[in-house]
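Taking our numbering, the leading residue of the sequence shown gets 18, the next gets one more, and so forth.
Ideal placement from N, C-alpha and C gives every residue a C-beta, glycine not left out.
To keep things clear, I will list the structure first and then write my remarks on it.
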Amino acid sequence: MQISFLHPLFFLLLVLVPALWLWPKRGSRSISAVWRSLVFVALVTALAQPIVISTSSESFRVVILDLSESVSDEARDQLLDRIPSLLSLESSSENLSLIEVGGQLPSAVNVESGVERIVLNDPENSSDLGRALAVASAQIPYHSAGSITLVSDGLATNPDWSRAVQALIERDIPVHVVEMAAAELDVYPTALKADGELRVGHSGQVSVTLLGSGEAKVILLNEQGESLAEKLIQLNGRRQVSFEYEPTHQGFETLSVLVETLNAQDAPGNNRLSTEIAVLPPLRVLYLGDRMYGGADRIQQLVGAGFQIEKPSVELNGEFPLSNYQLVILDDFPAAKLPQSFQSLLNEQVQERGLGLLYSGGKSAFGDGGYLNTTVAELLPVTLQQRQEKREPTVALTLIIDSSGSMSGQRMELAKQVAMLSLKKLNRNDLVGIVEFYGAKNWAVPLQPLADRNYVQRAIGRMKPDGRTVLMPAIEAALYGLKNVQARHKHILVISDAGVEKGDFESIIRRASREGITLSTVMTGNGDDNEVMNQMARVGGGRFYAVNDRYSLIELNLKKDAETKLPAYQQGTYSIETQMHSADGKGWWAGLLTDELPPVQGYMEVQSRSGAEQLLQVSNSEHPLLSSWRYGLGRVTALMTEPVGPGTQSWQKWESYGAWLGRVMRRTANDLAPFETRWQREGGRVWLDVVARQRSVTPALTVGNSEMQQTLPLTEAAPGWFRTELKTDYTESVRLQVNGWPLAVPSTLSPERQVDPVHGLDLVALATATGGERLAAGQALPERSISNSASLQIKELWGWFLLAALLLYLVEIILRRLPRQ
């Protein structure tokens, strides 16, 4: 026996006992102080809640009998024969409880009067072993010795047993198991589920898991019981059968599978299985087309109900509601009608939200559409540059060379070498003139074609330093000389040591710039920078160079190639070939790369960018016809012809073109919900996590169908991460909607005769984890049939101390009423 206190800290109040002797002083007697102290001590002891702990020989034993239909008839008969030994009381101190699961014992079976019977009336007599273990645990009081004996086949209809088992492990309660054989059944379904998301108008996969042996017909049924598809199978054990299914309406739908065995009689109640699925709405597509009349309607007719193709109803700008769409089609839409604000918004939505972009068309897209060097062009997996023809333009160059006295020595030699190098890139048809200044201007070489290169070079070589530096007249002479000549590029090159006079150079240089004449400067042998020379080059639209020695000489290229765009739209009949490894039917683009594609009648000649997936190309060429790549979170696909234009006339007559184009659009579109949802279900409790893919979007959660909906609160556990918990009937599925996107949480309950053994309760592992034993049929219970901890009895004493305090207080009152003598 042991005395303990639940709240021993209350004894700290005993330090106040001396105060009862010091107050009140007037008329007090020592005998009253004693009684008051005893009352206070009794109250403090009661607050500390004293208890007496003692051991007891009392024990508790619980027997769980699985009487469900999944147990074989032979095993059930053996169980009934063993009832007397299982339910016999070992001693008068033993408490025995019987829990019946999945049915009840026949009335002919006698159960001793001292046995407490509990019948779990689960739906349709199912064997919820997790619930049975939890109820059994509740029959054994805490700190009491006890054990549980489970007689079952382990085929639990509800897999939520983890918490009950964990509680038994923590309490050190052993679970002894007696395994019973399950009934042998014919072919039956154990699971029906959708493989991935299902969307209106898009073909998805529904899989059925089957068990048994024999030949059977598997039929997929809709909510009205109509047959959607059927397959004949030969089964020997476990098999998964997949059906292709295309939903016709969004929201929630109930699918069923029916199994008809061909070589044996169907077992009643186990050949049909139903589940509820969520069907997403069709993909919303924004169509921007200009050149193809009725392009949106024609594409809608081709791809069917899986896409909701819309034209813009409001102005295209940075405020356009682009987040409402999963795909944008730019079909021969000129850039002039696509404002920069909308292009920036499109770029942002593709990169950050995963919006899909299908860029297609002909001359108004890849040709003269004006998309070169635009924001949209950055998104594309192909280049928009067309073939170009180069033409050499005519150049008129005037060299202004400083030959004043300050240019003596190395400076003059460097100036001559710079002048020689500037002629190197010119041809004989270009115009060249040389003006030297040495206090006065002089045309050393009048402006003329560079036919006699040696003549110009000799004129440069004859220059000698002499006189003063006066630059302004030389620039004026060069300006008037270039003003009236016909040339594509006109340029002035000033070569000096920067020791020029002060003057209004900026005005005359700006005047030259208005005439289409640019000006550059070269400073020789006088440091790395000069403010005057640098400013002249900036105003003149040219460049400033510093040449300090022969190692820093520069070679000027004053010519720029002119490019003329040539037509890139190829017309004719061109066969198509695939260029991806996934052409064998594997990978993301499986089903798109087919040899059945007819030839095209026209396409735009472009090049794929590095890193792009070149899916289709024109045969016997390197010209891509279909290219795609990831751009940020989104996918961008380019089709180098018009989907419903003259370039695809033969495609539009191809019966599979609609399905092919629909796959291209779906592979490109962002078909993900704006939220990522994760759920976990244990019986009637559902935990739901909602993670926003965009921080700016707040989720709204509703439960129920369209006729009756209830809004549920969501708690933001972290930025963009929301959680909630709801309680519901564990036998039914739950219909949830997050911002209109449906989510079906199926029930975890399985029909009794359709439990998958893979998901059943492992009886051997249960006995091992809890310290119990596995018993064969007819085997007696082990000697250690109860937990290691002894049964404890706890008696509370705090009430007695309260009673003592009350009696002492009454005695103290009586003593105070007695006479003093």
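Among the candidates the options, whose CA atom is the shortest distance from the CA of residue i?
i	options	result
Asp521	Asp514, Gln552, Glu261 and Val204	Gln552
Leu227	Ser220, Asp566 and Arg256	Arg256
Tyr262	Asn239, Ile831, Leu279 and Ser85	Asn239
Ile860	Pro123, Ala59, Phe337 and Thr741	Any property of residue 860 remains undetermined from this structure, which presents the chain solely from 18 to 838.
Val751	Leu305, Gly373 and Ser764	Ser764
Ser513	Ser154, Phe739, Ala491 and Ser130	Ala491
Trp738	Gln588, Leu464, Glu693 and Met437	Glu693
Ala125	Leu146, Leu97, Ser110 and Ile135	Leu97
Leu464	Leu344, Val204, Leu396 and Ala495	Ala495
Gln267	Phe324, Asp447 and Ala246	Phe324
Leu113	Leu104, Phe337 and Gly120	Leu104
Glu270	Gln121, Gln241 and Val399	Gln241
Gly619	Thr685, Asp469 and Thr658	Thr658
Glu332	Leu305, Val452 and Glu75	Leu305
Arg702	Ala734, Glu749, Arg710 and Ala461	Glu749
Could you please give the first and the last residue of the uninterrupted alpha helix (DSSP H) stretch that includes residue i?
i	result
Glu187	Ser179 to Glu187
Trp677	Tyr674 to Thr685
Ile495	According to the sequence as given, residue 495 is Ala; it is not Ile. Looking at the DSSP string, the run of the alpha helix (DSSP H) that includes Ala495 is Met489 to Lys500.
Arg314	First, the amino acid is wrong: residue 314 is Asp here, not Arg. Taken as a continuous stretch (DSSP letters only), the alpha helix (DSSP H) holding Asp314 covers Gly312 to Val320.
Leu167	Careful: Leu167 lies outside any alpha helix (DSSP H), inside the beta strand (DSSP E) at Ala162 to Ser169.
Leu458	Per the sequence shown, the amino acid found at residue 458 is Lys instead of Leu. Careful: Lys458 lies outside any alpha helix (DSSP H), inside the beta strand (DSSP E) at Lys458 to Pro466.
Ile525	Phe522 to Arg531
At the level of alpha carbons, what is the spacing between residue i and residue j?
i	j	result
Asp601	Met725	Any reading at Asp601 needs caution, since the residue's pLDDT is 43, under 50, leaving its predicted position unreliable; the model's value is listed next. About 49 Å.
Gln771	Ala199	12 Å
Ala151	Gly789	16 Å
Arg149	Leu819	One detail in the question is off: residue 149 reads as Ala in this sequence, not Arg. Near 42 Å, if we compare the C-alpha coordinates of Leu819 and Ala149.
Arg289	Pro768	10 Å
His160	Leu783	22 Å
Glu594	Gly221	28 Å
Val258	Ser224	6 Å
Asp773	Asp90	19 Å
Ala181	Leu29	41 Å
Ser358	Asn334	5 Å
Arg370	Thr719	24 Å
Asp348	Ile316	11 Å
Gln201	Gly254	Note that residue 201 is Glu in the sequence shown here, rather than Gln. Distance between the alpha carbons of Glu201 and Gly254 is about 12 Å.
At what residues does the beta strand (DSSP E) containing residue i begin and finish?
i	result
Trp738	Trp738 to Lys744
Asp773	Note, Asp773: premise wrong, no beta strand (DSSP E); not H, not E.
Ile571	Where Ile571 is concerned, there is no enclosing beta strand (DSSP E), given that its DSSP letter is neither H nor E.
Thr62	Run containing Thr62: none in the beta strand (DSSP E); it sits in the alpha helix (DSSP H), Ser47 to Leu64.
Asn253	Ser244 to Tyr262
Glu594	Ile593 to Thr595
Asp212	Tyr205 to Asp212
Val452	Leu448 to Phe454
Glu699	Phe692 to Glu699
Gly373	Gly373 to Ser377
With DSSP collapsed to three states, give me the class of residue i.
i	result
Asn805	Only weak support is given to the placement of Asn805: the predicted model assigns it a pLDDT of 49, under 50, and the value that follows is read from those uncertain coordinates. Looking at Asn805 - three-state DSSP - the assignment turns out to be coil, as it is neither helix nor strand.
Gly628	coil
Ala200	coil
Ala352	helix
Pro759	strand
Glu327	strand
Thr715	coil
Gln267	coil
Leu824	helix
Thr785	helix
Gly559	strand
Leu419	Sequence check: residue 419 is Asp here, not Leu. Asp419 falls in the strand class under three-state DSSP.
Leu238	strand
Leu113	strand
Phe337	coil
Arg567	helix
Leu290	strand
Could you check whether the Cβ of residue i sits closer than 7 Å to any Cβ belonging to chain B?
i	result
Val462	Any reference to chain B falls outside this structure, which holds one protein chain only.
If we count Cβ pairs, one from each stretch, closer than 8 Å, do we get three or more for the region 648 to 655 versus the region 368 to 378?
yes
Would you check if there are 3 or more beta carbon pairs closer than 8 Å linking the region 159 to 171 to the region 211 to 221?
With the cut-off at 8 Å, the region 159 to 171 and the region 211 to 221 do not touch.
Does the region 536 to 548 come close enough to the region 421 to 436 to have 3 or more Cβ pairs within less than 8 Å?
yes
Between the region 411 to 418 and the region 502 to 519, do at least 3 Cβ pairs fall closer than 8 Å?
Segments in contact, yes.
Taking contact to mean at least 3 C-beta pairs separated by less than 8 Å, is the region 811 to 831 in contact with the region 230 to 238?
no
If contact is defined by three or more beta carbon pairs under 8 Å, each pair taking one atom from either stretch, is the region 676 to 690 in contact with the region 741 to 748?
Between the region 741 to 748 and the region 676 to 690 there are fewer than three C-beta pairs closer than 8 Å, too few to call the two in contact.
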